[in-house]
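Undergrad: Provided herewith is a single structure, encoded as structure tokens, for subsequent inquiry.
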Amino acid sequence: MWNDQPWLQTMVVADLFRWFGEAASIPRLLSFGSLAALLLAMSDLLGPSAGHVEVLCASLFLLTARGLARMSLAAMLGFPAMSWAVVAAAIALSKTGQAGWRRSLLAGAVL
Numbered sequence: 037m038w039n040d041q042p043w044l045q046t047m048v049v050a051d052l053f054r055w056f057g058e059a060a061s062i063p064r065l066l067s068f069g070s071l072a073a074l075l076l077a078m079s080d081l082l083g084p085s086a087g088h089v090e091v092l093c094a095s096l097f098l099l100t101a102r103g104l105a106r107m108s109l110a111a112m113l114g115f116p117a118m119s120w121a122v123v124a125a126a127i128a129l130s131k132t133g134q135a136g137w138r139r140s141l142l143a144g145a146v147l
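Position one of the sequence shown corresponds to residue 37 (our numbering), numbered consecutively onward.
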């Protein structure tokens with residue numbers, strides 16, 4: 037059987053299928069969870085200089101972006117991959133904007 041998805045994505049979806057049963061909603065919920073991680077990472081990347089209003093506006097702009105709702109509920113790999121790349125960037129960059137080796141290592145594991 038040929039599979040073009042990365043092995044980690046396949047393993048995570050297989051484990052979720054094992055725990056919750058085989059349903060098309062399982063990978064979609066994984067994509068939706070990736071959206072939540074993307075929003076949290078984006079608010080972290082905005083940093084302490086951004087207030088609550090700025091974070092809320094940026095989140096609303098992201099949530100109302102064309103095609104985002106369709107992508108975040110699809111069972112495909114593209115959106116979760118992009119989301120976890122942003123999470124990795126948020127982990128790697130400290131509040132000072134410099135990446136330490138521990139944060140870089142953790143970001144690499146997430147990515």
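All C-beta atoms, glycine included, are put in the ideal place defined by N, C-alpha and C.
1) For glutamate 58, name the three-state secondary structure that DSSP assigns.
2) Quick one: is serine 70 buried, meaning 16 or more other Cβ sit within 10 Å of its Cβ, or exposed?
3) Got a sec? Which residues, its chain only, sit under 8 Å from serine 140 by beta carbon, not counting five neighbours each side?
4) Does the Cβ of tryptophan 120 have 16 or more other Cβ atoms within 10 Å, making it buried, or fewer, making it exposed?
5) Cutting at 6 Å between CB atoms, please list the residues of its own chain near valine 49, excluding the five before and the five after it.
TA: According to the structure data:
1) Position 22 of the sequence shown, counted from the first residue, corresponds to residue 58. Glutamate 58 falls in the coil class under three-state DSSP.
2) For the purposes of this step, residue 70 is taken as the residue at position 34 of the sequence shown. That one is buried.
3) The residue you call residue 140 lines up with position 104 of the sequence shown. Counting only Cβ-Cβ distances below 8 Å, and skipping sequence neighbours, we find Ala128.
4) Looking up residue 120 in the sequence shown gives position 84. It counts as buried.
5) One-based indexing of the sequence shown puts residue 49 at position 13. The answer, listed in chain order, is Pro63.
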